[in-house]
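Each remark here refers to the structure printed beneath this line.
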Ligand SMILES: [Zn+2]
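Residue numbers (the numbering used here): 565 to 739.
This is the structure:
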């Protein structure tokens, strides 16, 4: 399926409550932040893992934490890119001014994390390969920006073509 990126007006409407008067996420900044998540995804691939990366930032672009899926590396299916980045950031009192940036639409587990901790913004590299909970989060008032970035799609697509069984294990479907 194709997910079109929300327009600035859509985001103005959906993210207003969470942003507390701040301007919508800047797409150029979001693209630069995505590069950090992509670096993480490539690192995961180089380690023999599933190439999904994420990073947690403040809205101004300050990096708080970064990580990648470590199902294979750690033998732990609960280490997703978003949870790794979130844990890397350590403790915070409030996540309203934070943005989770991930190379792939977040699964329900990671969408739940964004919801649970009240993370105000979500930047999604791509939602073509897998569509998780980003639209649900937008309905709940999280400011969501889908960049539809070809580098993210190509990186994960190449991995899935090479190792379909591992991908199916990760998303929880039979071969
Ligand atoms: Zn996840």
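The C-beta atom is built at its ideal place from N, Cα and C for all residues, glycine as well.
- Between the beta-carbon of residue 678 and that of residue 670 there is about 7 Å, and that keeps the pair under the 8 Å contact cut.
- Residue environment: residue 732 is assigned as exposed (fewer than 16 neighbouring CB atoms within 10 Å of its CB, all protein chains considered).
- The residue among 634, 657, 685 with its C-alpha nearest the C-alpha of residue 610 is 634.
- The residue from 617, 698, 717 with its alpha-carbon nearest to that of residue 690 is 717.
- Per DSSP, residue 644 lies in no beta strand (DSSP E) segment and is marked neither H nor E.
- Closer than 7 Å to some heavy atom of ligand 1: that describes the Cβ of residue 646.
- For residue 641, the Cβ stays outside the 7 Å cut-off from all heavy atoms of ligand 1.
- Taking the C-beta atoms as reference points, residue 661 is found nearer than 8 Å to residue 623.
- The beta-carbon separation of residue 707 and residue 682, rounded to 12 Å, does not stay under the 8 Å limit for a contact.
- Excluding the 5 residues flanking it on each side, residue 620 has same chain C-beta neighbours closer than 7 Å at 628, 629, 649, 650, 653, 662, 664, in chain order.
- Your pair residue 589 and residue 709 checks out as a contact, with CB atoms roughly 5 Å apart and the cut at 8 Å.
- Counting the other Cβ atoms within 10 Å of the Cβ of residue 615 gives 16 or more, which makes it buried.
- The beta-carbon separation of residue 617 and residue 597, rounded to 11 Å, does not stay under the 8 Å limit for a contact.
- In the three-state reduction of the DSSP assignment, residue 602 falls in the helix class.
- Membership of residue 629 in the beta strand (DSSP E) is indicated by the continuous run 627-632.
- Taking 4 residues as the shortest admissible run, the region 665-717 contains the following complete alpha helix (DSSP H) segments, listed from N- to C-terminal end: 672-681, 698-703.
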